[in-house]
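Let me begin by presenting the structure, written as structure tokens, before commenting on it.
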Amino acid sequence: MRLPKSLVLLAAGLLPLQAFAVFECNVKVKSVLVYATGELNVLHTGRNDFTVLCNMNQNYGAATPMVCANWFAMLEHIKKKDGNANIYYNGEGSCATLPTYGAAPAPVYVGDVTP
190 MRLPKSLVLL AAGLLPLQAF AVFECNVKVK SVLVYATGEL NVLHTGRNDF TVLCNMNQNY
250 GAATPMVCAN WFAMLEHIKK KDGNANIYYN GEGSCATLPT YGAAPAPVYV GDVTP
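This is the structure we're talking about:
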């Protein structure tokens, strides 16, 4: 059976034109800091230096202050129980090469992946 050319073109048009790079950090949380400016800074085993995740006073990437407050509570809970956090990013990179402090990209999500 032959498919009409227009159907093949339509199907091809639905495929993504480019692949999106992503990476995630499955880590132990060592320290969680909140600066007077509202920045939530975390030190984890994937980077061994501080990286900003979000800001509790203003949007940081797509992360709103409300999301940031929830991430803070989750990270504190994960740290207290010596659990595992999953921090997921769009773009190319790795946990070990994340830019530090305010140069870090905003994550897509932060999760508790403790078994």
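Numbering (our numbering), first residue to last: 190 to 304. Each residue gets a CB set at the ideal place from its N, CA and C atoms; glycine is no exception.
Residues of its chain near Thr226, where Cβ-Cβ distance is below 8 Å and the 5 sequence neighbours each way are ignored:
A distance below 8 Å between beta-carbons, with the five flanking residues on each side excluded, links Thr226 to the following residues of its chain, in chain order: Asn244, Asn246.
Review point. How is Val256 classed by DSSP in three states: helix, strand or coil?
Key: helix
Exercise for the section: Apply the 10 Å Cβ neighbour rule to Tyr163 and answer buried if 16 or more other Cβ atoms are within range, or exposed otherwise. Expected result: Given a span of 190 to 304 for the chain in the structure shown, any question on residue 163 remains unanswerable.
Fill in: Residue from Ala295, Ala285, Arg236, Leu232 with nearest C-alpha to Pro254
Checked all of Ala295, Ala285, Arg236, Leu232; the closest Cα to Pro254 is Ala295.
- Give the DSSP bridge partners of His233, in chain order. Val218
**Message:** If I follow the unbroken beta strand (DSSP E) through Asn275, where does it start and stop?
**Reply:** Per DSSP, Asn275 belongs to the beta strand (DSSP E) from 274-279.
request  = Report the three-state DSSP secondary structure of Leu242 (helix, strand or coil).
outcome  = Note: Leu242 maps to strand in three-state DSSP.
**Prompt:** For the putative contact between Asp301 and Met263, defined by C-beta atoms under 8 Å, what is the C-beta separation to the nearest angstrom?
**Reply:** 6 Å
- Query: When you compare only the Cα positions, how much space is there between Gly250 and Lys268?
  - Reply: 24 Å
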